[in-house]
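Novice:
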Amino acid sequence: MSELRELADSVFGDSRESAGYGFDAGLWAICAETGLARLTLPEAAGGSEGSFADAATVLTAAGRFAARVPLVETDLLAGWLLHAAGIGLPAGPLSAVAAADLEIAGGRVTGRLRRVAWGRAVAGVAVLTGENVVLVDTAVDTAGLEIVEGTNVAEEPRDDLVLTGVAVRVAPLPEDAAAEFPLRAALGRSLLLAGASRGALEMAVRYATERVQFGRPIAKLQAIQQTLALAAAEVAAAEASSATAARQADRRGVVAAAPAIAAAKARTGEAAGQVARIAHQVHGAIGFTREHDLRLTTTRLWAWRDEDGADARWNEQLGERALQAGQGGLWALLTGTPHDATTRH
Amino acid sequence: MAKLFELAPPPVDLPEQVAGLRAEVRAFLAEEQEAGLWRPRVDSWLSGWDERFSKELGRRGWLGMTIPTEFGGRGRGALDRYVVTEELLAAGAPVAAHWIADRQIGPSLLRFGTVEQRERFLPGIAAGEIYFGIGMSEPDSGSDLASVRSRAVRVDGGWELTGTKVWTSGAHHAHAFFALVRTSPADGADRHAGLSQLIVDLRAPGVTIRPIPLLTGAHHFNEVVFDEVFVPDTMVLGEIGQGWHQVTSELAFERSGPERYLSTFPLLAAAVGELAGRPVDAGRRRDLGGLVSRYWTLRQMSLAVAGALDAGQTPDIAAAVVKDLGTRFENEVIDVVRSLVPVPPDPGAEGGYARLLADAVRHAPGFTLRGGTNEILRGIVARGLGLR
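Protein sequences, first through last, are from chains W and G.
Going by our numbering, the first sequence opens with residue 27, and the numbers climb by one from there.
Going by our numbering, the second sequence opens with residue 1087, and the numbers climb by one from there.
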């Protein structure tokens, strides 16, 4: 096991708590101290210069243990976007959102940012809008800022920020950032999903070996074995697709890895529903109460599969690519290899 | 929380030099098709027996790729072989003649065979000239392989074999197969003891081969009956009594290759061809894209297992997962293309989408049976999870 994996497992494993709600400030402090909070950012942005493969290790662990910290938002999204745009990063946790219909004039912004992840808890929100990157630095100036709190089904903050002439930093949007932003979000989300799938499977496996019915652990029933094997296959698919997408983002760059990332978000989203369903079925009634920790992973699976593009959206994109590739180019698309127009299949 | 099972080995990057190999294979396949030498088939590793094609692959160095050069092979890596086989399957090329020999007989001979056996068979396997079958299942032994009743008794200079094997693809064309047989009586305490593998010449006196037609009517399967067939000591594979261990290691090569998710790929390619120039609504684009994301994922999982096998690991659980997911997916492809293209299956068509669909639906029941049923595979996964 790599050192990073050990670190991530221990940091997130130790912080897991059933009753916790909202931003985990203690865990965030540890992430900041250990370099996990800005894992992939350059040193100039206070980062650890890690790869996407490193992010995969950390984010799957975070998903597995239902960590209540904005790692994807701070590191993969806001940190990257602000640094690329030449805006200094505020200290602390960050969030990021793409938004249309903002009025920007004289360094002030008016408009509504919808469902900002961890909005109430972060020190700044990077906004990708039109031709600009905007930093709403909530630690500096909150005049004209109203936060309308909301959550996703995992009870993670998803807040609307209503801005009325809020003073902001504005910089021109870096090239390709508009294309890269949703891909980074989907990659990060797919890695969290893979981790949460594993977490749910682990709990279901453990429960099956502990729960006794008919005089023996239910794990001994073939029906349970078969259904958990199906869940394990889904977890394997989630892990493989998301890890490969991270690897491709390292090798080819995020934008060129678009098909891999689309496939990862779609496949992890599909796996999420199936793993959550099986994990609950195996747990019986206790699993769908607040008295049991299974919800920490399954509610995240339900929330995250629809965030940053549901499987349907990414699959539609892949379907469009397949149609464009046509009969002769379909295989080249699947293998990510150049297609010679003279080749027929 | 306890540390759990590895379900998916780390992703594998194909070495850069395979790009050239892949391009060569693609160009060759395009030429062959343009010359009208064969039509793409579904499940071509069962249905496409073409000895000319196999010999041509051998001539080009695309068979026995992982066999060392001293035995007539090419001494290349497992991932090189992977690239060649996935290109062949995706194109629906007729690979059945050499398939078993290239996939599992070569590796088993390298692992368990004598020098004499390697010298006798490996060069012919690499040349695409020697073909093998599989002699595992029997009329009363399917998933419960340890219950085989074919029996070999000791005779002067060898063994005398009596019994019946079934579902042996290509036995009527192949030169030989590995028969899993009982060489000592069943031991109630250890059902896996007393089994051995013999290399049986399918033209030997006492061997009778009877066709078992598939749903399509095509002759691929056979029943192979042995009536006191003499097998010399030189044709014992590995050690007498070690058959169970050997056969399970052979199965590992069978489980997770590209043939476990690509059997119906030529059908999907044809379906996409049918959609060309037609309006395709968002729902159907999503369904098509759903297949793309699943193909993509399965291929990465299968490659990762190939990489782990090549590195000398035994990723049994991951391999079983690939076969379970992959073979179910081969069936799902049929369901989805039916919703994309309003053309019914036509077994009488010469080729094209309607014929591919007709063959696919009739071959599909086999996908989740061969090489270990999916229920048995899930049992392997469940054991890996610590449930049994």
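Beta carbons: idealized from backbone N, C-alpha and C, even for Gly.
From a predicted model like this one, the values you see are computed outputs, not experimental measurements.
Roughly how far, in whole angstroms, is the beta-carbon of residue 1336(G) from the beta-carbon of residue 1190(G), given that I think they are within contact range, below 8 Å?
Specialist: About 5 Å separates the two Cβ atoms, so the contact holds.
Novice: Assuming residue 1257(G) contacts residue 1219(G) (C-beta within less than 8 Å), just tell me the rounded distance between them.
Specialist: About 5 Å; that satisfies the 8 Å criterion.
Novice: Using only the alpha-carbon positions, how far apart do residue 63(W) and residue 81(W) sit?
Specialist: Distance between the alpha carbons of residue 63(W) and residue 81(W): 10 Å.
Novice: Tell me the start and end of each unbroken alpha helix (DSSP H) in the segment 283 to 311 of chain W that is at least 4 residues and wholly inside, in chain order.
Specialist: 284 to 309, all fully within the segment 283 to 311 of chain W.
Novice: At 4 residues or longer, what runs of the alpha helix (DSSP H) sit wholly inside the segment 1145 to 1180 of chain G?
Specialist: Listed in chain order, the complete alpha helix (DSSP H) runs (minimum 4 residues) inside the segment 1145 to 1180 of chain G are 1164 to 1176.
Novice: Indicate whether residue 1405(G) and residue 1342(G) have their beta-carbon atoms separated by less than 9 Å.
Specialist: In contact: residue 1405(G) and residue 1342(G) (Cβ atoms closer than 9 Å).
Novice: What is the DSSP secondary structure of residue 1101(G), counted as helix, strand or coil?
Specialist: Note: residue 1101(G) maps to coil in three-state DSSP.
Novice: Does any C-beta atom of chain G lie closer than 9 Å to the C-beta of residue 218(W)?
Specialist: Chain G, which has no Cβ nearer than 9 Å to the Cβ of residue 218(W), makes this no.
Novice: Three or more C-beta pairs under 8 Å: does that hold for the segment 63 to 76 of chain W against the segment 199 to 209 of chain W?
Specialist: The segment 63 to 76 of chain W, when compared against the segment 199 to 209 of chain W, does not touch it at the 8 Å Cβ threshold.
Novice: With burial defined as no fewer than 16 other Cβ atoms inside 10 Å of the residue's Cβ, what is the status of residue 1402(G): buried or exposed?
Specialist: Burial call: buried.
Novice: When the cut-off is 9 Å and only beta carbons count, does residue 1145(G) lie next to chain W?
Specialist: No - not a single Cβ of chain W is within 9 Å of the one on residue 1145(G).
Novice: What distance in whole Å lies between the Cβ atoms of residue 1241(G) and residue 1284(G), which are believed to be in contact at a cut-off of 8 Å?
Specialist: 13 Å between Cβ atoms; not a contact.
Novice: Can you grab the Cα-Cα spacing for the pair residue 313(W) / residue 324(W), in whole Å?
Specialist: Approximately 10 Å, taken between the alpha carbons.
Novice: Below 9 Å between beta carbons: does that hold for residue 170(W) and residue 139(W)?
Specialist: Not closer than 9 Å, so no.
Novice: Is residue 1372(G) helix, strand or coil by DSSP?
Specialist: In the structure shown, residue 1372(G) sits in a helix (DSSP, three-state: H, G or I).
Novice: Under the rule that 16 or more other beta-carbon atoms within 10 Å means buried, what is residue 1332(G), buried or exposed?
Specialist: Classification for residue 1332(G): buried.
Novice: Leaving out five residues on either side along the sequence, give the residues of the same chain with a beta carbon under 6 Å from the beta carbon of residue 1160(G).
Specialist: 1147, 1151.
Novice: Nearest chain G C-beta to residue 30(W) closer than 9 Å, yes or no?
Specialist: Output row for residue 30(W): interface = no.
Novice: Going along chain G in order, which residues have a C-beta closer than 8 Å to the C-beta of residue 292(W)?
Specialist: Within chain G, the residues near residue 292(W) are 1375, 1376, 1379.
Novice: Would you call residue 316(W) buried or exposed, if buried means 16 or more other Cβ atoms sit within 10 Å of its Cβ?
Specialist: When all chains shown are included, residue 316(W) counts as exposed.
Novice: Please classify residue 353(W) as buried or exposed, where buried requires at least 16 neighbouring CB atoms within 10 angstroms.
Specialist: That one is buried.
Novice: Do we get a CB-CB distance below 9 Å when we pair residue 1088(G) with the residues of chain W?
Specialist: In this predicted model, residue 1088(G) has a pLDDT of only 46, less than 50, meaning its place in the structure is not dependable; the value taken from the coordinates is given anyway. For residue 1088(G), the answer is yes, since a Cβ of chain W falls inside 9 Å of its Cβ.
Novice: Taking Cβ-Cβ distances shorter than 8 Å, what residues in chain G pair up with residue 267(W)?
Specialist: Those are 1379, 1382, 1383, 1386, listed as they occur along chain G.
Novice: Give the interface partners of residue 342(W) over in chain G, defined as CB-CB distance under 7 Å, in chain order.
Specialist: Under the 7 Å cutoff, chain G gives 1368, 1371, 1372, 1375.
Novice: Please go through the same chain and pick out, in chain order, the residues whose beta-carbon is closer than 7 Å to the beta-carbon of residue 1126(G), but skip the five residues on each side of it.
Specialist: The residues are 1177, 1178, 1352.
Novice: According to DSSP, residue 239(W) sits in a beta bridge with which residue or residues?
Specialist: Bridge partners of residue 239(W): 242(W).
Novice: Considering only the beta carbon of each residue, do residue 1407(G) and residue 1455(G) sit closer than 9 Å?
Specialist: Contact flag unset, no.
Novice: Could you pull the start and end residues of the beta strand (DSSP E) that residue 64(W) belongs to?
Specialist: That residue, residue 64(W), is in no beta strand (DSSP E); it is neither H nor E in DSSP.
Novice: For the alpha helix (DSSP H) containing residue 1220(G), list its first residue and its last residue.
Specialist: No alpha helix (DSSP H) holds residue 1220(G); the beta strand (DSSP E) holding it covers 1218 to 1221.
Novice: Since residue 300(W) meets chain G, which of its residues come closer than 8 Å, beta carbon to beta carbon?
Specialist: Result: empty, since nearest Cβ-Cβ is about 11 Å, beyond 8 Å.
Novice: Exposed or buried, residue 250(W), counting other C-beta atoms within 10 Å across all chains shown (16 or more means buried)?
Specialist: When all chains shown are included, residue 250(W) counts as buried.
Novice: Mind checking residue 1275(G): buried by the 16 CB within 10 Å criterion, or exposed?
Specialist: Its Cβ having fewer than 16 others within 10 Å, residue 1275(G) is exposed.
Novice: Bridge partners for residue 172(W) per DSSP, in chain order?
Specialist: BP columns for residue 172(W) point to 188(W).
Novice: With DSSP as the reference, label residue 29(W) as helix, strand or coil.
Specialist: It is helical.
Novice: Out of 1396(G), 1251(G), 1244(G), which has the shortest C-alpha to C-alpha gap to residue 1233(G)?
Specialist: For the residues 1396(G), 1251(G), 1244(G), the minimum Cα distance to residue 1233(G) belongs to 1251(G).
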